[in-house]
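Engineer:
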Amino acid sequence: MSSPSSWPVVVVTGANSGIGLGICQRLLVQLISKSPTDAQPHYDFHVQSKIVDGVSFNGLTLILACRSRQRGEAARDKLYQFADEQVRQHETFPGYDGHAETFRKHLTIVVHTVDLSRIQTVFRFADEVTKTYPYVSHLICNAGVASFVSINWFLAIKQLATDWIEAVTAPIYYTQEVGQLSQDGLGWVWQCNVFGHYVLFRALKAHLAKYQTSTGARVIWMSSHESNPMYYDPTDWQLTKSAHSYESSKFQMDLIAHNLDQASLQDSDGLPTRHLTVLPGVAGTNIASALLGTFSSICMFLSFYLARFLGSPYHLISAFKASISAVHLCLVPLAFLPTVDPTEFDDSDPTATVEVGVRYVSQCGRWGKEHVGTMKLMRSKEQNKQCDDLLDHCERLFTTFCEAEGRPVPS
Ligand SMILES: NC(=O)c1ccc[n+]([C@@H]2O[C@H](COP(=O)([O-])OP(=O)(O)OC[C@H]3O[C@@H](n4cnc5c(N)ncnc54)[C@H](OP(=O)(O)O)[C@@H]3O)[C@@H](O)[C@H]2O)c1
1 MSSPSSWPVV
11 VVTGANSGIG
21 LGICQRLLVQ
31 LISKSPTDAQ
41 PHYDFHVQSK
51 IVDGVSFNGL
61 TLILACRSRQ
71 RGEAARDKLY
81 QFADEQVRQH
91 ETFPGYDGHA
101 ETFRKHLTIV
111 VHTVDLSRIQ
121 TVFRFADEVT
131 KTYPYVSHLI
141 CNAGVASFVS
151 INWFLAIKQL
161 ATDWIEAVTA
171 PIYYTQEVGQ
181 LSQDGLGWVW
191 QCNVFGHYVL
201 FRALKAHLAK
211 YQTSTGARVI
221 WMSSHESNPM
231 YYDPTDWQLT
241 KSAHSYESSK
251 FQMDLIAHNL
261 DQASLQDSDG
271 LPTRHLTVLP
281 GVAGTNIASA
291 LLGTFSSICM
301 FLSFYLARFL
311 GSPYHLISAF
321 KASISAVHLC
331 LVPLAFLPTV
341 DPTEFDDSDP
351 TATVEVGVRY
361 VSQCGRWGKE
371 HVGTMKLMRS
381 KEQNKQCDDL
391 LDHCERLFTT
401 FCEAEGRPVP
411 S
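Residue 364 in my numbering sits at position 364 of the sequence shown; the count goes up by one each step and never skips.
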């Protein structure tokens, strides 16, 4: 029986829909089972492949961090119902030992509101969480926005004609609004995807560090196949001049997650809080809903199924399947994750990239069976400097917001 002091307290941003809701459902399916399959290191990239015991918890606090209380509460009700159905199923299994009911008894799902585009609400959210729960074991930085406004049909036809699977995996033909600002006066996409999550992590950092069980605390950063350094201009770090703010914001998240992880591994007194990057593959969610009517949505889903059938490993399509990488990274013992030996940057060519880490990606076979794969995280000396600068900007802005609120700046 796991001790209540080790039960996970998981924060999921954007938990009311799409992949965020998929992560919550998948986490429930996994933990209601006594032997969560997503915790097992049975994929090719693990350093060992022996079966892991003991990744079983008898309780969970799941914090749905949503910008709308109403949508959050609807998701919470749905998740409780879903958990009850799962328990009922387990009760019918031969040799059932009561774990599912015990877990359900100790399952708490709560909604706390946060709007990442308003830093004041991020602080309020962090205060509520730190006052109410003894620690946070996992922070899943999932919520995301894109300011897609239209489809550039010329580019769409060109990309579809040259590489149509890439065109439905990492499309380059969405036109995005340039210069959209948040209520705080910062780049809107940048604040929702990057800075809001950075502030959330900083405000919860000490609370994450309190989770000193064998698994240690984890921050999961939600990247994308669309993450692309090509579009990133470091002088426009708030992405207000960028016509590709979404791709650039995901690239910034990759940069930040890796550097925070390195810093945490070097500086932590106790077990370090790990920062891990996941890609959900492609799922049909609301993220591009501004662009799609009924007909184009149907075409989109058909093209996803066709891409998968023709061999694309990234068309998970359902949010539940797409969330496998995030849930796996929540549960798998860290000892099983691959490590990358540090490689020196090439001083003679600051733009030359070397492998610095790993991103974890949801994948599936032709018939949709999901698993987790890896992608190399490449970095050049120049990008490393861009990341240091970006983290400086984030930290300075974080300090400014703390001071404006009359809050001490946490270490
Ligand atoms: N779908 C894919 O194929 C795909 C591929 C790669 C990466 N991703 C990433 O996966 C993540 C989830 O996206 P999704 O596809 O599930 O999209 P989605 O269905 O649009 O869900 C986005 C979630 O984020 C929330 N959110 C948006 N702005 C917010 C804010 N300012 N404060 C707090 N919450 C906010 C939304 O809340 P509301 O319901 O209130 O709007 C919603 O719950 C994103 O980071 C996205 O970049 C998705």
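Even glycine gets a Cβ: it sits at the ideal position worked out from N, Cα and C.
(1) Touch check for the segment 111-119 and the segment 187-204: three-plus C-beta pairs under 8 Å?
(2) Would the segment 118-132 count as touching the segment 178-192 if we require 3 or more Cβ pairs under 8 Å?
(3) Assuming G72 and N16 make a contact with CB atoms under 8 Å, what is their CB distance in whole Å?
(4) Are A126 and A206 close, meaning C-beta to C-beta below 8 Å?
(5) So is Q30 buried or exposed if we call it buried at 16+ other beta carbons inside 10 Å?
(6) Candidates P338, A352, L337: which alpha carbon is nearest E344's?
(7) Given the structure, does M222 come close to ligand 1, in the sense that its CB is under 7 Å from one of the ligand's heavy atoms?
(8) Let me confirm a value: A39 is counted as buried when at least 16 other C-beta atoms fall within 10 Å, else exposed. Which label applies?
(9) Hey, A146 and I287: beta-carbon distance below 8 Å or not?
(10) Is it the case that the Cβ atoms of V168 and F301 are separated by a distance below 8 Å?
(11) Return the bridge partner residues of H138 from the DSSP annotation.
(12) Whose C-alpha, out of Q252, E226, E91, is nearest the C-alpha of D236?
(13) Apply the 10 Å Cβ neighbour rule to T273 and answer buried if 16 or more other Cβ atoms are within range, or exposed otherwise.
(14) How about C192: is its Cβ closer than 7 Å to a heavy atom in ligand 1?
(15) Does the beta-carbon distance from G22 to A322 come in below 8 Å?
(16) What number of angstroms, rounded off, separates the C-alpha of L260 from the C-alpha of G95?
(17) Am I right that R218 and L276 are in contact with their C-beta atoms under 8 Å? What's the rounded C-beta distance?
(18) What does a CB cutoff of less than 6 Å around R67 pick up in its chain, not counting 5 residues either side in sequence?
(19) Report yes if the CB atom of V55 is closer than 8 Å to the CB atom of P333, and no otherwise.
(20) Shorter than 7 Å, the distance from the beta carbon of P280 to the closest heavy atom of ligand 1, or not?
(21) When you compare only the Cα positions, how much space is there between F401 and H112?
(22) In whole angstroms, what is the alpha-carbon distance linking E405 and P134?
(23) Would you list the residues sitting across from Y174 in a DSSP beta bridge?
(24) Would you kindly work out how many angstroms separate the C-alpha atoms of E395 and P313, rounded to a whole number?
(25) Should L79 go down as buried or exposed, given a rule of 16 or more other Cβ atoms within 10 Å for buried?
(26) Over the uninterrupted beta strand (DSSP E) stretch that includes V361, give me the two end residues.
(27) Within the continuous beta strand (DSSP E) that includes T374, where are the two ends?
Structural biologist: Looking at the atomic coordinates:
(1) yes
(2) yes
(3) 5 Å
(4) no
(5) buried
(6) A352
(7) yes
(8) buried
(9) yes
(10) no
(11) V10, R218
(12) Q252
(13) buried
(14) yes
(15) yes
(16) 45 Å
(17) 6 Å
(18) D115
(19) yes
(20) yes
(21) 21 Å
(22) 24 Å
(23) I151
(24) 37 Å
(25) buried
(26) 353-364
(27) 370-380
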